[in-house]
Amino acid sequence: MTAVAPIAEGLARFEARGPCTDAERRAAAWLHDELRDAGHEAWVETHWVRPQWPLSIALHATVGVVASLVAISEPLPGLIAAAVAAVSMALEGVGLPGLLRLALPRRATQNVLTVPDEGGVTLLIAAPYSAPRGGFGRRLIEGRQLWVAAALLIVAVCAGLRALDLDGLWLGLLQFVPTIALLLALAAAGEVAVADYVPGGEAPPAVAVALHDELRRNPPDRLAPALLLHGALRAHLRREKPDRRTTVLVELGPGSGYASSHPKLRAAAEAAGAGKRVRRPRLGRVPTLWIGVDSADVEALDLALACVDAIDAELP
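So for the sequence shown, the numbering used here puts the first residue at 8; every next one is plus one.
Next comes the structure, spelled out in structure tokens:
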């Protein structure tokens, strides 16, 4: 069995390796060298992204709160502002660049990849290697863009009703609830945006490397494993456009449980005992299984191997 701890310990040396930081770039170079030394054909690809998701949520929430206040006396400008912010936030929620986020500066990040063997269905084993941001509000808003978009949409609807000369206590209460939700989102996102990067996040990439090594030594019958340690997973998928008929994405991330919108991958996770099903954002059209990894140990690797074996058995 492949050891998991060395990769986790090596990554832990790169403190504050947040997305698009110098520490993240050094960690990517170290991971590349480690994979090369292990005999894998690895390379590093660069993507230009806008990693400021907390700042983006804070910006959208601010627009929504201001639009809600303006709509009381000037409904039409409030309607336009809230509607634009709702569309922008909804685009981010489905993995596309939002309108307001385009105003934020782009930064470079790196993905570290290996080449799959020819033939079979590509099993893309992905895991983020950057350090997470701290802050109490992170758990409240991370991955909640669609919820923020829904609050903005309700504000826009209320502004539209006011533009139609409707008024009353019921409309004020209806507008008050999403406005308070946006204020809470603004506070949480602002707190995360200024928080430091905290130690942690080494378990998913460590288990991903160990899983890849194990599958290269003992290949599955129908799957050809490849590794993607990413700073920008969505950007890689948009660039490469993998064929959903010949690609399965298994993403390891911090947390517990599993998530998938694909029925066969859900069945594979349940058969492997992956725990409770949770909600995660979809990653395009590629069949994806997300597995939560909360420790860099053999038990986590065994769970990932069991999931891969179950996926291999589900393939025709």
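Note that the Cβ used here is the ideal one computed from N, Cα and C, for glycine as well.
Assigned secondary structure, residue i (DSSP; H/G/I helix, E/B strand, else coil)
| i | result |
| --- | --- |
| Leu-322 | coil |
| His-47 | coil |
| Ala-123 | The amino acid occupying residue 123 in the given sequence is Pro; Ala does not appear at that position. Pro-123: coil per DSSP, three-state reduction. |
| Glu-306 | helix |
| Pro-226 | coil |
| Cys-27 | coil |
| Pro-84 | helix |
| Thr-253 | coil |
| Gly-17 | helix |
| Ala-311 | helix |
| Pro-135 | strand |
| Pro-232 | strand |
| Arg-161 | The identity of residue 161 in the sequence shown is Ile, whereas the question assumes Arg. Three-state DSSP puts Ile-161 in a helix. |
| Gln-59 | coil |
| His-352 | Shown here, the chain extends from 8 to 323; a query on residue 352 therefore has no answer. |
| Leu-259 | strand |
| Gly-32 | Strictly speaking, residue 32 in this sequence is Arg, with Gly absent from that position. The answer is helix: DSSP assigns Arg-32 an H, G or I state. |
| Ala-115 | strand |
| Arg-108 | helix |
| Glu-52 | strand |
| Leu-244 | helix |
CB of residue i within 8 Å of CB of residue j, strictly
| i | j | result |
| --- | --- | --- |
| Leu-296 | Ala-134 | no |
| Leu-178 | Leu-171 | no |
| Ile-132 | Ala-215 | yes |
| Ala-242 | Leu-159 | no |
| Ala-115 | Gly-208 | no |
| Thr-129 | Ala-49 | no |
| Leu-256 | Val-293 | yes |
| Pro-206 | Glu-22 | yes |
| Val-305 | Val-11 | yes |
| Gly-238 | Asn-118 | yes |
| Ala-333 | Gly-85 | Missing from the structure shown is residue 333; the chain here goes from 8 to 323 and no further. |
| His-57 | Leu-111 | It is Arg, not His, that sits at residue 57 in the sequence shown. In this structure, Leu-111 lies closer than 8 Å to Arg-57 by Cβ. |
| Gly-144 | Ala-210 | no |
| Leu-18 | Tyr-136 | yes |
| Leu-308 | Ala-217 | yes |
| Ser-2 | Ala-276 | Outside the displayed span of the chain (8 to 323) sits residue 2, for which this structure offers no information. |
Nearest candidate by alpha-carbon position, reference residue i, set the options
| i | options | result |
| --- | --- | --- |
| Val-164 | Asp-124, Phe-183 and Ala-192 | Phe-183 |
| Pro-232 | Lys-248, Val-315, Pro-249 and Val-205 | Val-315 |
| Arg-245 | Leu-42, Gly-102, Leu-107 and Ala-157 | Gly-102 |
| Val-51 | Leu-66, Thr-253 and Ala-34 | Ala-34 |
| Arg-113 | Ala-92, Leu-176, Thr-28 and Val-155 | Thr-28 |
| Arg-224 | His-47, Pro-26, Ile-14 and His-39 | His-47 |
| Pro-104 | Leu-42, Arg-140 and Ile-64 | Ile-64 |
| Leu-147 | Leu-190, Arg-273, Thr-254 and Ala-275 | Leu-190 |
| Arg-140 | Arg-287, Asp-203, Lys-271 and Thr-253 | Asp-203 |
| Glu-81 | Gly-17, Phe-143, Arg-43 and Leu-173 | Leu-173 |
| Gly-126 | Leu-180, Arg-229 and Arg-251 | Arg-229 |
| Pro-13 | Ala-30, Pro-61 and Trp-37 | Trp-37 |
| Val-77 | Gly-175, Thr-186 and Thr-253 | Thr-186 |
| Leu-180 | Ile-79, Arg-252 and Thr-253 | Ile-79 |
Rounded C-alpha distance that separates residue i from residue j
| i | j | result |
| --- | --- | --- |
| Val-94 | Gly-262 | 29 Å |
| Val-300 | Ile-87 | 42 Å |
| Glu-198 | Glu-321 | 44 Å |
| Arg-284 | Ala-274 | 11 Å |
| Val-108 | Leu-222 | According to the sequence provided, residue 108 is Arg. The question's Val does not apply to it. So the two alpha carbons sit approximately 39 Å from each other. |
| Val-91 | Pro-323 | 46 Å |
| Leu-234 | Thr-53 | 16 Å |
| Arg-286 | Leu-83 | 36 Å |
| Gly-150 | Ala-188 | 15 Å |
| Arg-32 | Leu-240 | 16 Å |
| Gly-100 | Val-155 | 9 Å |
Rounded Cβ spacing between residue i and residue j (contact assumed at less than 8 Å)
| i | j | result |
| --- | --- | --- |
| Ala-313 | Gly-264 | Their Cβ separation, rounded to whole angstroms, is 15 Å, which puts Ala-313 and Gly-264 out of contact at 8 Å. |
| Ala-303 | Ala-213 | 4 Å |
| Gly-71 | Val-162 | 5 Å |
| Leu-153 | Ala-97 | 7 Å |
| Ala-15 | Asp-220 | In fact, because the Cβ distance is near 14 Å, the residues do not count as touching under 8 Å. |
is_contact[residue i, chain D] using C-beta, thresh 8 Å
| i | result |
| --- | --- |
| Val-128 | Absent from the structure: chain D. Only one protein chain is present. |
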